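Mapped onto the numbering used here, the consecutive letters of the sequence shown carry residue numbers 8 to 411.
Here the structure comes first, spelled out in structure tokens, and everything after it is commentary.
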Amino acid sequence: MSNETRCDHYDVIVVGAGPGGSAAAYYLQQQGIKVLLIDKARFPRDKTCGDALTPRAVTVLDGMGLLPTVQSRAWQINGVNIVAPRGHRVVAAVPHSKCWLPYMLVLPRFVLDDTLRRRAIEAGADFQGQLQVKALAQAGDGVAVTGEAQGQTVRFNAQALILATGANSTLLLQVGLLQRRPVMALAARAYYEDVYDLSDQIDLRFDGVPLPGYGWMFPVGQSSANLGLGLFPTRWASSLRRQLTATAAFEAFIQTPALQARLRGARRIGPIKGFPLRVDFPGAPTTKGRIMLVGEAAGLVNPLTGEGIDYALESGKLAGEHLATLFRTGQLSPARIADYDRLLHARFARLFHLYRWTRRLFVNPLLLNRMVQLANEHTYLKLKLVNLVLGTSATAPAIQLALR
Ligand SMILES: Cc1cc2nc3c(=O)[nH]c(=O)nc-3n(C[C@H](O)[C@H](O)[C@H](O)COP(=O)(O)OP(=O)(O)OC[C@H]3O[C@@H](n4cnc5c(N)ncnc54)[C@H](O)[C@@H]3O)c2cc1C
């Protein structure tokens with residue numbers, strides 16, 4: 008499988024080989040559009056993450072023909088256990104729906120992202136790893152990309168560019184897509200082995216964590232798990248968040264009696280790793296001239312839960328298919344590229360407004376306690392709550408069709 012670039016001019020260059028970039032490269036290449044996929048990392052590479060693939064993510068992986076490969080290495084999740092600040096819990100099955108497969112998977116990003124990258128290469132994309140893109144320039148009907156690979160300056164040209172660079176906004180600031188660094192959420196995670204009482208459920212815990220935020224325990228196997236904690240910004244909590252690092256909050260979280268009971272005899276594998284998350288969609292820009300943003304680069308991370316692999320995959324697919332149509336119909340222009348912004352908003356804006364609105368309730372421990380109690384008493388509310396945290400809340404019928 009080639010890792011080398013073969014020419015310096017492409018139809019599309021995709022910067023960032025995370026889920027968003029690899030999905031975009033795959034869907035473009037599927038339609039015969041010549042793609043160069045670039046990443047600064049050497050693959051396979053790790054990405055600090057909870058590793059949970061929601062039903063939305065699993066459904067896109069299925070569409071890419073990756074489900075058998077991914078499933079053979081992942082841990083399947085069929086239920087969600089939500090624990091309120093005072094310790095009440097509600098357990099719900101992953102909901103069945105017409106749009107998404109009715110289960111989740113947990114797979115370390117070291118494996119997932121390399122599987123996706125390989126899929127894009129199999130489809131025909133060229134890949135260049137260990138190449139850090141340093142500068143972008145739009146001129147006439149193209150985009151020039153300058154980067155550095157092993158001390159050498161390299162240049163590539165393309166008719167359009169997809170930036171899928173995750174939470175790192177350096178290039179976005181450089182090309183004027185962002186005027187300042189956005190306020191970000193913070194999260195930290197670590198892997199543990201010999202964890203007690205793991206099952207086919209994930210735990211989302213609001214006990215022992217600063218709100219708005221939550222702790223998680225995602226099984227990656229019979230007795231190993233990814234444990235983590237996310238802290239989300241609000242107008243009044245963001246300065247506090249800057250003082251309280253996610254790593255410090257994580258260390259306090261694992262000392263809570265509930266966690267200690269599960270971790271007795273467990274061993275931590277590797278360090279606790281913290282990382283920021285961009286959660287500013289739908290306020291974030293998504294196109295400029297011949298540049299399109301995909302995944303976290305477009306702020307597409309659920310501001311309630313921090314899951315973003317699903318939105319990275321979905322927006323990568325959307326961007327790839329939209330660009331491929333423009334190439335096929337000879338309509339490639341900044342005005343038509345900007346239609347991608349409308350497509351993204353049509354699919355995600357309502358959902359993200361709902362998350363943002365709900366996050367205000369998640370600041371209040373009394374409300375959270377009551378919500379979990381009520382969800383336990385009313386099946387309808389339980390379904391609403393689990394759909395909300397998994398990002399599988401009902402969307403408009405037109406969107407349901409588009410997702411198929
Ligand atoms: C602690 C934590 C836990 C999380 N848990 C979950 C979870 O359980 N489930 C979930 O769905 N989401 C989770 N998320 C969010 C998820 O990790 C991101 O939303 C997702 O990785 C976004 O995918 P992406 O493709 O947009 O970007 P990324 O996966 O971040 O990929 C970006 C890529 O761009 C490359 N890159 C960046 N700049 C350059 C450059 N200048 N030149 C070349 N390459 C460059 C990087 O090397 C990287 O490979 C979590 C996030 C954190 C921090």
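Just so you know, even glycine gets a beta-carbon here, dropped at the ideal spot from N, CA and C.
None of the values given here were measured: they were computed from a predicted structure.
Cutoff 6 Å; reference residue i; Cβ partners in own chain excluding five residues on either side
i      : result
Thr153 : Lys141, Ala142 and Arg162
Gln38  : Ala331
Gly327 : Ala31, Tyr34 and Leu35
Ala254 : Per the sequence shown, residue 254 should be read as Thr rather than Ala. Excluding positions up to five away in sequence, the list reads Ala195, Ile279 and Gly281.
Glu303 : Gly173, Ala174, Arg285 and Gly315
Ala130 : Tyr33, Gln36 and Gln37
Leu108 : Pro62, Val65 and Thr66
Val118 : Arg80
Asp15  : Phe163
Lys295 : Leu184
Ala151 : Ala144 and Asn164
Leu410 : For Leu410, the pLDDT reaches just 42, beneath the cut-off of 50, and the residue's location in the model is therefore unreliable, although a value from the coordinates is still provided. Taken in chain order, the residues that qualify are Cys106.
Ala132 : Ala32, Gln36, Val42 and Leu44
Per-residue burial, residue i [other beta carbons within 10 Å of its own, 16 or more giving buried]
i      : result
Asp148 : exposed
Arg188 : exposed
Glu384 : exposed
Lys389 : buried
Thr160 : exposed
Phe398 : According to the sequence displayed, residue 398 carries Gly and not Phe. By the neighbour-count rule (16 or more Cβ atoms within 10 Å), Gly398 is buried.
Trp82  : buried
Thr336 : exposed
Gln338 : exposed
Leu408 : Because Leu408 sits at a pLDDT of 42, beneath the cut-off of 50, its placement in the model cannot be relied upon, and the following sentence gives the value as read from the coordinates. Burial call: exposed.
Asn233 : buried
Leu168 : buried
Ile276 : exposed
His4   : Any question about residue 4 goes unanswered here, given that the chain covers just 8 to 411.
Leu320 : buried
Ser9   : Note that Ser9 has pLDDT 41, beneath the 50 cutoff, so the model's placement of it is unreliable and no number is given.
Asn309 : buried
Pro219 : buried
Tyr387 : exposed
Gln186 : exposed
Asp207 : exposed
Thr55  : buried
Gly290 : exposed
Arg366 : buried
Identified DSSP bridge partners for residue i
i      : result
Trp107 : None, per the DSSP bridge assignment.
Tyr221 : Gly237
Gln208 : Gly86
Glu384 : Per DSSP, none; premise fails for Glu384.
Ala195 : Leu236 and Gly281
Ile45  : Val22 and Gln135
Ala59  : Val113
His16  : Asn164
Ala200 : At residue 200 the sequence reads Glu, which differs from the Ala that was named. Paired residue(s): Arg274.
Arg96  : Val90
Pro51  : Pro51 is not bridged to any residue.
Pro226 : Ala232
Residues near residue i by beta carbon distance below 8 Å, same chain, minus five either side
i      : result
Leu368 : Leu374, Leu375 and Met378
Leu73  : Thr122, Leu123 and Arg126
Ile406 : Low per-residue confidence applies at Ile406: pLDDT is 42, beneath 50, and the placement is therefore not dependable, though the value from the model is reported in the following sentence. If we look at Ile406 and ignore the five residues flanking it on each side, its Cβ neighbours are Ala353 and Arg354.
Gly313 : Gly57, Ala192, Ala194, Gly237, Phe239, Leu284 and Val286
Ala48  : Ala24, Gly136 and Gln137
Ile261 : Leu234, Gln267 and Leu270
Glu155 : Leu138, Gln139, Lys141 and Val161
Val370 : Leu218, Pro219, Thr241 and Ala244
Pro404 : Bear in mind that the predicted position of Pro404 carries a pLDDT of just 43, short of 50, making it unreliable; the figure below should be weighed with that in mind. Answer for Pro404: no residue qualifies.
Glu11  : In this prediction, Glu11 scores a pLDDT of 46, lower than 50, which makes its location untrustworthy; the coordinate-derived value is nonetheless stated afterwards. Here the set comprises Asp133 and Gln135.
Contact belief for residue i with residue j at Cβ below 8 Å, rounded distance in angstroms
i      : j      : result
Gln145 : Ile298 : 7 Å
Gln135 : Ile45  : 5 Å
Val113 : Leu211 : Wrong, their Cβ atoms sit about 13 Å apart, outside the cutoff.
Asp346 : Thr293 : With 8 Å as the limit, Asp346 and Thr293 do not qualify as a contact, their Cβ atoms being about 11 Å apart.
Leu392 : Val19  : Leu392 to Val19, Cβ: 40 Å. No contact.
Leu178 : Leu170 : 6 Å
Val90  : Phe213 : 6 Å
Same chain, Cβ closer than 7 Å to residue i, neighbours up to 5 away in sequence not counted
i      : result
Leu361 : Ser400
Asp490 : Since the displayed the chain opens at 8 and closes at 411, residue 490 lies outside it and no answer follows.
Ser230 : Glu200, Asp201, Val202 and Leu205
Ser322 : Gly27, Val301, Gly302, Ala305, Leu307 and Leu351
Ala59  : Met111, Val113, Ile209, Phe225 and Glu314
Asp53  : Arg116 and Phe117
Residue i CB to nearest heavy atom of ligand 2 below 7 Å
i      : result
Arg196 : Ligand 2 is not part of the structure shown, which contains ligand 1 as its ligands.
Residue i at chain C interface by Cβ criterion, 8 Å
i      : result
Thr336 : The chain labelled as chain C is not found in the depicted structure, where only one protein chain is given.
Enumerated in chain order, which unbroken segments of the beta strand (DSSP E) with a length of 3 residues or greater are wholly contained in the segment 256-284? Listed in chain order, they are 274-284.
Going along the chain, which unbroken runs of the alpha helix (DSSP H) with 4 or more residues stay wholly within the segment 104-190? DSSP runs (the alpha helix (DSSP H)) wholly in the segment 104-190: 116-130 and 177-181.
Along the chain, which unbroken stretches of the alpha helix (DSSP H) at least 4 residues long are found entirely within the segment 286-370? Taken in chain order, the whole alpha helix (DSSP H) runs of length 4 or more contained in the segment 286-370 are 316-335, 341-344 and 346-368.
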